[in-house]
Ligand code: SF4
Ligand code: SF4
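Protein chains in written order, with my numbering: chain R, 85 to 316; chain F, -6 to 173.
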């Protein structure tokens, strides 16, 4: 039998075992998210999907739906916290959207637009991160990596290649490549890999396919990510 | 409706003047704005008034000591200070030098640069000293509003200025809220 929770005043049905974000998606309710993508295990690391469950903060991708939950999702308070988290993701990397090949197609940027973020608020760290252009088809720009871990999962479970892992601690955490030189060029990654397709930002990119759509015609140019989530 | 005209200051610091071009891109809407605002200090006009302004539209980040002195002066002079464009907001393209030291940058250009015939690092006293890195405005002064974009669309300037003139809280609609 279906059970019910309440999200922003709306009754949402769920099946036991579903997380809040899964239940919400099935009812066409958008909860902002970056490191969670449907079809992947939730690791609850980006914190963008934080909601208030009966007054307490919880990540919607890792919290199971349960009877009696009343959830704040798109309230001013919750979205204000989310915006700060996204701002931290921006200052923690080097995000130069004006020339980034992912601009207009990027989930991080689109989430910033969704949350009406207009500036970065925090002090910029301008970290020194390395760029790997050693592979013929794919490049890795760590300046833009948000350490979501999606490529790690995709490469291991869908591509069966185990090419990536997250290494280091705190602000020194970075995406590592599984080859003796640590370079992509030595791996058998291909532009068709799910690991490349799933990257929500401009960190893992296919070579020779960049700037293929004009500004104004790209995915998020006119339509917010919250509206596109449930299209098709 | 004879509200006093808003006094506006504009300036380009470590920017490319592209945001100013976008400001001009309002085309005939400037005729409408002419009744609402007056440019009192700007590279677009000849006057350089030091008197108090309502709005300062600042393009570009901070790459040298002169930029910082000017910004502090603008902050004093303006009731509302607006960071205009990607460079003012996060340093933008000039901030790409933040991964190198100033010495490395100067040497790469003036000692080892292509076609350099008399290698020397410029040191004329007239030249403003470069800052250790390129800073966004908000890391030196309080910024009241930001117009993202590279450049922000002409429409975004219009939305901001007309809201401030009418005493409304400025907001950007979705298509004017772009980072590129
Ligand atoms: S990855 Fe996204 S947020 Fe980062 S620079 Fe590129 S478009 Fe901007
Ligand atoms: S490269 Fe992309 S998918 Fe992989 S961790 Fe970084 S942001 Fe996530």
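For glycine and all other residues, C-beta sits at the position ideal for the given N, C-alpha and C.
Computed from a prediction, not measured in an experiment: that's the story for all the values here.
- Between residue 182 of chain R and chain F, the shortest Cβ-Cβ separation is below 7 Å.
- For a Cβ distance threshold of 7 Å, residue set 202 of chain R lies close to residue 165 of chain F, ordered along the chain.
- By the neighbour-count definition (other C-beta atoms within 10 Å, threshold 16), residue 198 of chain R is a buried residue.
- Per DSSP, residue 19 of chain F is not a residue of any beta strand (DSSP E), being assigned neither H nor E.
- Around the C-beta of residue 59 of chain F, fewer than 16 other C-beta atoms lie within 10 Å, and the residue is accordingly described as exposed.
- Within the region 207 to 234 of chain R, those residues whose Cβ lies closer than 8 Å to any Cβ of chain F are, in chain order, 207, 208, 210, 212.
- Contact of residue 116 of chain R with chain F by beta-carbon distance below 8 Å is absent, the smallest such distance being about 15 Å.
- Cβ-Cβ separation between residue 92 of chain R and residue 156 of chain R: approximately 7 Å, consistent with a contact (criterion under 8 Å).
- A distance filter of 5 Å between CB atoms and the heavy atoms of ligand 1 selects the following residues in sequence order: R/179, R/181, R/184, R/186, R/187, R/190, R/192, R/193, R/228, R/285, R/286.
- The Cβ neighbour count for residue 116 of chain R, taken over all protein chains shown within 10 Å, is at least 16; the residue is labelled buried.
- The continuous stretches of beta strand (DSSP E) do not include residue 173 of chain R, which lies in the alpha helix (DSSP H) extending over residues 160 to 176.
- For residue 296 of chain R, no chain F residue has a C-beta closer than 9 Å to its own C-beta; the minimum C-beta separation is roughly 15 Å.
- Shown here, residue 126 of chain F sits in a strand according to DSSP, grouped into three states.
- In the DSSP secondary-structure assignment, residue 154 of chain R is bridged to R/90.
- Near chain R, meaning a CB-to-CB distance below 7 Å, no residue of the region 42 to 73 of chain F qualifies.
- Contact between the region 79 to 96 of chain F and the region 175 to 195 of chain R is established, with three or more Cβ pairs separated by less than 8 Å.
- Between the alpha carbons of residue 79 of chain F and residue 54 of chain F lies a gap of roughly 9 Å.
- Taken from the Cβ of residue 230 of chain R, at least one heavy atom of ligand 2 lies inside 6 Å.
- Proximity of chain R to residue 168 of chain F at the Cβ level (cut-off 7 Å) is accounted for by 306, in chain order.
- Residue 76 of chain F has F/51, F/139 as its beta-bridge partners, per DSSP.
- The Cβ atoms of residue 118 of chain R and residue 132 of chain R lie closer than 7 Å to each other.
- For residue 1 of chain F against residue 46 of chain F, the beta-carbon gap comes to about 6 Å, under 8 Å, which counts as contact.
- Judged by their CB atoms, residue 98 of chain R and residue 107 of chain R are nearer to each other than the 7 Å cut-off.
- Distance from the CA atom of residue 104 of chain F to the CA atom of residue 126 of chain F, rounded to whole angstroms, is 20 Å.
- Excluding sequence positions up to five before and after residue 22 of chain F, its CB lies within less than 7 Å of the CB of 151, all in the same chain and listed in chain order.
- By the criterion of a C-beta distance shorter than 6 Å, residue 99 of chain F is surrounded in its chain by 114, once the five residues flanking it on both sides are discounted.
- By the neighbour-count criterion, in which a residue is buried when 16 or more other Cβ atoms sit within 10 angstroms of its Cβ, residue 202 of chain R is buried.
- Rounded to the nearest whole angstrom, the C-alpha separation of residue 164 of chain F and residue 61 of chain F is 28 Å.
- Think of a sphere of 8 Å around the beta carbon of residue 187 of chain R: the chain F residues whose beta carbon falls inside it are 172, 173, in chain order.
- The count of Cβ pairs closer than 8 Å, one atom from the region 217 to 234 of chain R and one from the region 284 to 297 of chain R, reaches three, so the stretches are in contact.
- Taken through DSSP and simplified to helix, strand or coil, residue 5 of chain F comes out as strand.
- When C-beta atoms of the region 302 to 314 of chain R are compared with those of the region 211 to 221 of chain R, fewer than three pairs fall below 8 Å, so the two segments do not count as touching.
- At a Cβ-Cβ threshold of 7 Å, residue 130 of chain F and residue 96 of chain F do not count as neighbours.
- Scanning chain R for C-beta atoms nearer than 8 Å to the C-beta of residue 87 of chain F yields nothing, as the closest lies near 10 Å away.
- The beta carbons of residue 192 of chain R and residue 284 of chain R sit about 6 Å from each other, so the pair counts as a contact at 8 Å.
- Put simply, of R/104, R/89, R/308, R/140 the residue whose alpha carbon is nearest the alpha carbon of residue 167 of chain F is R/308.
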